[in-house]
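Start counting the sequence shown at 65; every next residue gets the next number (our numbering). Cβ atoms here follow ideal geometry from the backbone N, Cα and C, with glycine treated the same way. Before any comments, here is the structure.
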Amino acid sequence: DFGHSSELAFVVEPSDDIAVQEQPLILYCQVEGIQPITITWRKNGVMILDSENAFMLANGSLYVSRFQRVRGDGSSDEGEYDCMAQNHYGLVVSRKAKIQAATMSDFHIHPQNAVVEEGGVARFQCQIHGLPEPVILWHKNSMPVNTDNERYTLLPKGVLQITGLRAEDSGIFHCVATNIANVKFSREARLTVSGSHSTVYKDPMILVGPENLTLTVHQTAVLECIATGNPRPIVSWSRLDGRPIGVEGIQVLGTGNLMISDLTVQHSGIYVCAANKPGTRVRRTAQGSLVVQAPAEFVQHPQSISRPVGTTAIFTCVAQGEPPPQITWLRNGQILETSDHIKLKNNNSTLSIYGINQADEAIYQCLAENSAGSTQASARLTVLWADGLPSPPQGVRAETVSATTIQVSWEKPLQNTKEIIGYVLHIRKAADPVEMEYQEAVSKSTFQQLVTDLEPSTSYSFYIKAYTSRGASKASEVTVVSTLGEVPAMPSLFIKVINSTTVQATWEPSIKLGQHKGFKLYYRKVHLSQYTGPVLLASNVTAYNITHLDASVVYEVKLLAYNQHGDGNSTVRFVSLRETVERTVLNPPCDCMKDEQNNKTSTTGIIIGIHIGVTCIIFCILFLMFGYRGRLLMCKNVQEQLSTPQIPRSQRSTTGLVLNGATCRDRDDRGLNGKQLDMNELERLFPASPSQEQQEKGIMSTHSPSAPHDETQISTLPLDEFSIIEEQPDPLPKNPRGSSPAAPAPNHGPANEG
65 DFGHSSELAF VVEPSDDIAV QEQPLILYCQ VEGIQPITIT WRKNGVMILD SENAFMLANG
125 SLYVSRFQRV RGDGSSDEGE YDCMAQNHYG LVVSRKAKIQ AATMSDFHIH PQNAVVEEGG
185 VARFQCQIHG LPEPVILWHK NSMPVNTDNE RYTLLPKGVL QITGLRAEDS GIFHCVATNI
245 ANVKFSREAR LTVSGSHSTV YKDPMILVGP ENLTLTVHQT AVLECIATGN PRPIVSWSRL
305 DGRPIGVEGI QVLGTGNLMI SDLTVQHSGI YVCAANKPGT RVRRTAQGSL VVQAPAEFVQ
365 HPQSISRPVG TTAIFTCVAQ GEPPPQITWL RNGQILETSD HIKLKNNNST LSIYGINQAD
425 EAIYQCLAEN SAGSTQASAR LTVLWADGLP SPPQGVRAET VSATTIQVSW EKPLQNTKEI
485 IGYVLHIRKA ADPVEMEYQE AVSKSTFQQL VTDLEPSTSY SFYIKAYTSR GASKASEVTV
545 VSTLGEVPAM PSLFIKVINS TTVQATWEPS IKLGQHKGFK LYYRKVHLSQ YTGPVLLASN
605 VTAYNITHLD ASVVYEVKLL AYNQHGDGNS TVRFVSLRET VERTVLNPPC DCMKDEQNNK
665 TSTTGIIIGI HIGVTCIIFC ILFLMFGYRG RLLMCKNVQE QLSTPQIPRS QRSTTGLVLN
725 GATCRDRDDR GLNGKQLDMN ELERLFPASP SQEQQEKGIM STHSPSAPHD ETQISTLPLD
785 EFSIIEEQPD PLPKNPRGSS PAAPAPNHGP ANEG
């Protein structure tokens, strides 16, 4: 359908036009659809009757024989015209065509005399208003200006620019304005070119910058910028928002004027003209805004639809333009009035008709209009109605069951009940719009429905429809009933013991409580049946102290919320004050001043203790370091003694060691005790490596060739399995040379173990 009803639609609509005084005017209108079709015309919303001056042609167009801006009776042929077409399906209205008279005013800006030095820039301007926009041409010395000369630039708004002036440019200039209404001449102005070209430096200066423009898409914009200076400045253009100007449709007129052809909405913005001194950053700027408007056009057209009686019809109409267009809906050519039955949403882009009936069958039009133009699209609503449908259900009743439940009952229709396949119950809050309605389906043998999950203290409306395979019956009568009020929910309750005779009851305000007037607080000793209370508390109170209690018993505390519908369920808590009393006895009240002084003393003691501990640690570390160093020096001396060159076995004297009572002879009797202690200490601190143990075994088991074989076995024990004994040496006879280097020693036992 492309946005129009196939039964009736426009093929050609009237368009905006500019009419010439005393000349004929034709407004075109062509319609297609199912005949018979009647066409009429309106001007400014008033029906036009055929007369000598204006009448309708056979093809539906309107003919105005002599257009007049102002008639003798004060009326005018100017205005907004639209065409209406009607058949038995409905009526449609065309877009509005704006008709204006061609005019031309007098010049309100004339060119002025100018004296400019050679090489400079001259600018003449004249302005005049008219419909359509007058075309302005320039004459020099009564002859048209040669536009082939690159130094001469003619701008559409009546500006003449002459750059690089020469002596031959001197003369008398005037402009000529022309349109379909008239031709007019401006006053004359003289241009005098004086002196020779100056070489004195001059800063860049913009003589005329761009002016603010408001145009429509596809038109041409000319942004003027003329600059002077010595040397001649370079003119450049940019957008204030930083976006590129582009190259398509862009042209530079003269030395710096910007022309943009075939405007689009994207060309809107603020344009900056800059005059730059060559080779430097010295510049001057001027700016002007360009606003490009776009007439309204449809992005989505409304579509013709067919819907059964009682259902919902939705039309969607989306338009765009700059500025954004305003959408208006018509029904059979008349402005559509909204109601509970008819709703407009999404900035009038969506038309919804709820519970449609035969009276809603019509042609609906969407008119989109802004300052740049208007457009329209139409669609038809067909309401389906079948003969033999059931009559509306009877005796609809609604009874309140609870705060959230209502029982709805009804009786079957009086007529055409055989084809009924079920019922639909329509439910809505009485205060809500129609589009908030929802439905519940019911079987054909059921004549009552329990509606649940409703809101307390709320009015609801109900009606019933009977459905067949061919459509629905008309709606039954509407019944309205309210749900019961609801008591508040249980509050949350917390008990805090303040002292041995007082507790504090606290609770949190919550939306879940619903509407409530306040709270009731009860308390009692658990072994009693009688409560103390109620204590009535306002709805904004969230805490209450219960005093003068007995610390030896357990108390029960109960809290509930109430409203005009009654008391809600209560929250119960139990509390004992006995632990508080025991804590008071075990922990008597403190002397705060004394505790504060003790705390200060304790803090000072801790700090002194820390200092003493750190000092002890430092001394321990130093002691260990120096002791370890002394041990290392002793080990070094012993190792030097052990590493002296060996002599033949025959010349060696044995070294006596005492191990668990075993004695060995020293090389020298002098200092025997001291030597034994040094060697034993060395062995305790530095256990011999396996290689050293083997070497010692070899030395200890070596005997002279003449000596008999000694089967004494020397075993190496871990240091923790033997002890070192210090004993006085007994006088020993000297063994002859070549005797065994060691002999079994008597066992002195563990009496002197160290």
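Rounded distance between the beta-carbons of L518 and T468, thought under 8 Å: 5 Å
Inter-residue CB distance, T292 and V185 (contact presumed, cutoff 8 Å): 5 Å
Within its chain, find whatever has a CB closer than 7 Å to the CB of C190; leave out the 5 residues flanking it on each side and keep chain order. F171, I173, H174, P175, I200, G222, C239 and S250
Under 8 Å by Cβ, that's how I've got S603 and G632 pegged, so tell me the actual separation to the nearest angstrom. With a Cβ gap of about 12 Å, S603 and G632 do not count as contacting.
Beta carbon of A607, beta carbon of T565: below 8 Å? no
Starting from T27, trace the beta strand (DSSP E) in both directions and tell me its first and last residue. Past the boundaries of the shown model lies residue 27; the chain is included only from 65 to 818, so the question cannot be answered.
Pick helix, strand or coil for R251, following the three-state DSSP scheme. coil
Is P196 closer than 8 Å to I82 when the C-beta atoms are compared? yes
Where G735 and F690 are concerned, what is the direct C-alpha to C-alpha distance, given to the nearest angstrom? Any reading at G735 is ruled out, since the residue's pLDDT is 42, under 50, leaving its predicted position unreliable.
With a floor of 3 residues, list each beta strand (DSSP E) that falls wholly inside the stretch 509-586, ordered by position along the chain. 512-515, 523-532, 543-546, 557-563 and 566-571
Backbone CA spacing between A462 and Q512 [nearest angstrom]: 9 Å
Among the candidates V551, K493 and G535, whose CA atom is the shortest distance from the CA of Y524? K493
Euclidean distance between Cα positions of H365 and I298: 51 Å
Contact check, P457 vs Y418 under 8 Å by CB: the rounded distance? Not a contact, Cβ separation roughly 19 Å.
What's the call for S79, buried or exposed, on a 16-neighbour Cβ count within 10 Å? exposed
On a CA-only basis, which of E86, M148, I163 and Y127 is nearest V75? Give me that one, please. M148
What does the Cβ neighbour count give for M207, buried or exposed, with the cut at 16 atoms within 10 Å? exposed
Just to confirm, is the Cβ distance from S413 to I427 under 8 Å? no
Cα-Cα, which of N123, R130, I101 and K160 is closest to N151? I101
How many angstroms separate the CA atom of K266 from the CA atom of R345? 15 Å
Are the CB atoms of P387 and A432 within a distance shorter than 8 Å? no
Just to confirm before moving on: does the CB-CB distance between A122 and G374 stay below 8 Å? no
Pick helix, strand or coil for D267, following the three-state DSSP scheme. strand
By how many angstroms is the C-alpha of I562 removed from the C-alpha of I672? 40 Å
Limits of the beta strand (DSSP E) - the one that M148 falls within: G143 to N151
Quickly, what does DSSP pair R637 with across the bridge? List them, please. V621
Could you say which of V590, I290 and A165 lies nearest to T850 if we only look at CA atoms? The chain is shown only over 65 to 818; residue 850 falls outside these bounds and no answer can be derived.
Check each candidate in I420, H580, I98 and V356 and name the one with the smallest Cα separation from A377. I420
Is the stretch 331-340 touching the stretch 296-312 in the sense that three or more CB pairs, one from each, lie closer than 8 Å? yes
If you compare alpha carbons, which of S115, D404, N410 and S509 is closest to M500? D404
Going by the DSSP bridge assignment, what does M207 pair with across the sheet? K204
CB-CB under 7 Å to P268, same chain, minus the five flanking residues each way: which ones, in chain order? A291, G293, P297, A339, N340, K341, V346, R347 and R348
Go ahead and pull the three-state DSSP assignment for D631. strand
Which of helix, strand or coil DSSP assigns to V134: coil
Rounded to the nearest angstrom, what separates Q94 and G124 at their Cα positions? 6 Å
Top-ranked residue by Cα proximity to F237, from A166, Y586, L229 and L255: L255
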